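**Q** The first sequence maps to residues 1 to 467 in my numbering.
Here a beta-carbon is modelled for each residue, glycine too, at the ideal position from N, C-alpha and C.
Keep in mind the model is a prediction, meaning the values are calculated, not measured.
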Amino acid sequence: MPRKKQTKRGRPKKQTKRTKPKKTRGRPKKSKRGRPSKPKKPKIKKISVQSPKGTHDILPENQKYWIKMRKTINNVAEEYGFKRIDTPIFEDVNLYIKGTGQSTDIIQKEIYTFKTKGGDAYALRPEFTPGIVRSYIEHGMKKRPQPVKLYTLGPVFRHDKPQAGRYRQFYQFNFESIGDQSSLSDVQIIQAFIHILKRLKIKNFTLYINSIGCPICAPEYKKALVQYYRKHRNDICVDCKKRLKENPLRLLDCKKTKCKNIIPEAPQVVDFLCDECKEHFKETLELLDELEISYILDPLMVRGLDYYTKTVFEIWEGDQKSEIGALVGGGRYDNLVEMFGGKPTPAVGAAAGFERIISIIKKQDIKVREKKKPEIFMVQLGEMGKRRSLKLFEEFRKKGIRVGEAFSKDSMKSQLKAADKRKAKIALIIGQKEAIEENVILRDMTSGNQEVIPMNKIMKEVKKRLK
RNA sequence: GUGCCUAUAGCUUAAUGGUCAAAGCUCCGCUUUGUGGAAGCGGCGAUACGGGUUCGACUCCCGUUAGGCACCCCA
Numbered sequence: 001m002p003r004k005k006q007t008k009r010g011r012p013k014k015q016t017k018r019t020k021p022k023k024t025r026g027r028p029k030k031s032k033r034g035r036p037s038k039p040k041k042p043k044i045k046k047i048s049v050q051s052p053k054g055t056h057d058i059l060p061e062n063q064k065y066w067i068k069m070r071k072t073i074n075n076v077a078e079e080y081g082f083k084r085i086d087t088p089i090f091e092d093v094n095l096y097i098k099g100t101g102q103s104t105d106i107i108q109k110e111i112y113t114f115k116t117k118g119g120d121a122y123a124l125r126p127e128f129t130p131g132i133v134r135s136y137i138e139h140g141m142k143k144r145p146q147p148v149k150l151y152t153l154g155p156v157f158r159h160d161k162p163q164a165g166r167y168r169q170f171y172q173f174n175f176e177s178i179g180d181q182s183s184l185s186d187v188q189i190i191q192a193f194i195h196i197l198k199r200l201k202i203k204n205f206t207l208y209i210n211s212i213g214c215p216i217c218a219p220e221y222k223k224a225l226v227q228y229y230r231k232h233r234n235d236i237c238v239d240c241k242k243r244l245k246e247n248p249l250r251l252l253d254c255k256k257t258k259c260k261n262i263i264p265e266a267p268q269v270v271d272f273l274c275d276e277c278k279e280h281f282k283e284t285l286e287l288l289d290e291l292e293i294s295y296i297l298d299p300l301m302v303r304g305l306d307y308y309t310k311t312v313f314e315i316w317e318g319d320q321k322s323e324i325g326a327l328v329g330g331g332r333y334d335n336l337v338e339m340f341g342g343k344p345t346p347a348v349g350a351a352a353g354f355e356r357i358i359s360i361i362k363k364q365d366i367k368v369r370e371k372k373k374p375e376i377f378m379v380q381l382g383e384m385g386k387r388r389s390l391k392l393f394e395e396f397r398k399k400g401i402r403v404g405e406a407f408s409k410d411s412m413k414s415q416l417k418a419a420d421k422r423k424a425k426i427a428l429i430i431g432q433k434e435a436i437e438e439n440v441i442l443r444d445m446t447s448g449n450q451e452v453i454p455m456n457k458i459m460k461e462v463k464k465r466l467k
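1. Rounding to the nearest angstrom, what Cα-Cα distance links LYS421 and ARG144 in this structure?
2. According to DSSP, simplified to helix, strand and coil, what is ALA192?
3. Determine, using beta carbons only, whether PHE205 and TRP316 come nearer to each other than 8 Å.
4. With H, G and I counted as helix, E and B as strand and the rest as coil, what does DSSP make of SER31?
5. Would you call the CB atoms of LYS203 and GLN364 closer than 8 Å?
6. Select from PRO60, ILE194 and THR309 the residue whose C-alpha is nearest the C-alpha of PRO219.
7. Could you check if SER447 is buried or exposed, using at least 16 other CB atoms within 10 Å of its CB as the buried criterion?
8. Rounded to whole angstroms, what's the CA-CA distance from LYS4 to GLN432? Just pull it up for me.
9. Leaving out five residues before and five after LEU300 in sequence, what residues of the same chain have Cβ atoms less than 7 Å from its Cβ?
10. Express the C-alpha separation of GLU265 and VAL187 in angstroms, rounding to a whole number.
11. With respect to the alpha helix (DSSP H) encompassing PRO470, which residues constitute its N-terminal and C-terminal limits?
12. Between the Cα of PRO248 and the Cα atoms of ILE212, GLU276, PRO454 and CYS277, which residue gives the shortest distance?
13. I need the DSSP call for TYR96, collapsed to helix, strand or coil.
14. How would you write the range of the alpha helix (DSSP H) that ILE132 sits in, first residue to last?
15. Using 8 Å for Cβ pairs, my map puts GLY304 next to THR104. What's the rounded Cβ distance?
16. Could you check what DSSP says for PHE90 in three-state terms: helix, strand or coil?
17. Can you tell me whether DSSP reads LEU207 as helix, strand or coil?
18. Identify the continuous beta strand (DSSP E) that holds ALA266 and give its terminal residues.
19. With a CB to CB cut of under 8 Å and the five nearest residues on each side skipped, what residues in its chain are close to GLU438?
20. Less than 8 Å separating the beta-carbons of ARG388 and ILE429?
21. Assuming MET69 is part of the alpha helix (DSSP H), what are its boundary residues?
22. Buried or exposed: PRO215, going by 16 or more other Cβ atoms within 10 Å of its Cβ?
23. Going by DSSP, what residues sit across from LYS223 in a beta bridge?
24. Are there 16 or more other CB atoms within 10 angstroms of the CB of MET120, so buried, or fewer, so exposed?
25. With DSSP run on the structure shown, which of helix, strand or coil describes SER408?
26. With a 10 Å radius around its C-beta and 16 neighbouring C-beta atoms as the bar for buried, classify GLY81 as buried or exposed.
27. By a C-beta neighbour count over all protein chains shown, 10 Å radius and 16 as the cutoff for buried, is GLU355 buried or exposed?
28. Give the straight-line distance between the Cα atoms of VAL348 and LEU288, rounded to the nearest whole angstrom.
29. Considering only DSSP beta bridges, list what GLN320 is partnered with.
30. By the three-class DSSP mapping on this structure, what secondary structure does ASN234 have?
Laid out in structure tokens, this is it:
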């Protein structure tokens, strides 16, 4: 069998380094680079260049998705009467320990904490709700018309093991409605999130909803659940044994087969709800029906944050839960404000992840356009041309016309190439001759036609052509 | 935290254990010293790191590191 032939050979390769016969272009300033007499290269200590585990860069070519998301969120928020709030990226660590909940995974293993030199313990926010509730109390928002409807967006941090749809620094948007106990608020939050997804053209997502009761009825249910599981103690996995002690509600979403067998027979929350919770849940579902928002009753969904009461819900892509996890998660938290020292104040909220939604947008091949204004491009030759171009560039910029440039390039060829890449509609060429004669060459990049235009008429002419 | 998979240039990929690691895209330049898109040519640029086996390792083995995926949990 003939081995793959080596095509080229004997090329000097390497060490041809070329001693740069190139221009040395006068310029008395510093120019001590690239001299042939190599002064032996200094050892540069290399450091690893890699974003920290679980973080990622949002590169220019992806920004369109992020811009679209933010815009949609802002619009929908406004339509539903939510006001923007921004809270610090870090807070007192206790805010989360108490708020999010000591027993939750978020606190137990995912929270980023750090101490200041003064010894204060802080945590990077793993979610928005505690910070917003803190702000509500701190700024006496109970004196504002209730409910206070707020939204925010930005990075949150969880020290998780990264995988599909999961990051350590990721972006969420969050809606909170504080100060209304009515199920209307629950539904409005759900509605807002659904509208955002719809406006982003996401097809095929499913709302799962449940009620986990309140401090009156939830303990009853827990008791019953624990009792039931005690009977089956020998049939459950190690993790579930732990859950049985620490967080019984979570028993319900164990994925192990042997545990799954026990779940269907387990008591369900709905049957234990007190009258108030039952009524609230009923109302919520009725309102959803009325608004023709379809949902799946999921008696097994309990969610992982301690502060939830009554309504909990999630939105997943597709017909069943799978893939990259929940797109949206939220619920009611009627006791959190009080827990933080405020007056008893009911509240409900939800959050969604940017990265997950964007990955769905890409997966569903939804087109997101970058809005690009038509652009003109400055092409300059020689010192005088460059100066004139620079000046003209400013004039166009001030008039709000997008101008591209490649001032660092000298040849017309490479500049036109750059103009072409930028998809400029018009190139304005100023060389030595034009600069002296106070003219500009206007080149239509589509047709290739050129015209010489007096400098003082160029603005008008360009405006006309861009229309 | 546990398990599985992966690691070659900025990106996508190639190289039965055997010369100097090959290509496409991108980028820079030349073919045209004042004219882009096409074509041709040239240039920059890589075996993650450390050991081992071998006459010889991108290739096989071990370790480290990093990444992906799954579990846990969640956006």
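**A** So, from the listed chains and residues:
1. 53 Å
2. helix
3. yes
4. Caution is warranted here: a pLDDT of 32 is assigned to SER31, below 50, making its placement in the model unreliable, and no coordinate value can be reported.
5. yes
6. THR309
7. exposed
8. The predicted position of LYS4 is uncertain, since its pLDDT is 30 and thus under 50; a value taken from the coordinates is nonetheless stated next. The straight-line gap from Cα to Cα measures roughly 54 Å.
9. Excluding positions up to five away in sequence, the list reads LEU252, ASP253 and ILE263.
10. 30 Å
11. This structure cannot settle anything about residue 470, because the visible part of the chain is limited to 1 through 467.
12. Taking the Cα of PRO248 as reference, the smallest distance to any Cα among ILE212, GLU276, PRO454 and CYS277 is reached at ILE212.
13. helix
14. 129-138
15. In this structure, GLY304 and THR104 form a Cβ contact; the two beta carbons are roughly 5 Å apart against a cut-off of 8 Å.
16. strand
17. strand
18. ALA266 -> no beta strand (DSSP E), and no H or E assigned at all.
19. PRO454, MET455 and ASN456
20. no
21. 63-79
22. Counting other Cβ atoms within 10 Å of its Cβ, PRO215 stays below 16 and is therefore classed as exposed.
23. Looking at the DSSP assignment, LYS223 forms no beta bridge with any residue, so it has no partner.
24. Correcting the residue identity first, residue 120 is Asp in this sequence and not Met. Its Cβ having fewer than 16 others within 10 Å, ASP120 is exposed.
25. coil
26. exposed
27. buried
28. 16 Å
29. The partner list for GLN320 (beta bridge, DSSP) is empty, contrary to what the question assumes.
30. helix
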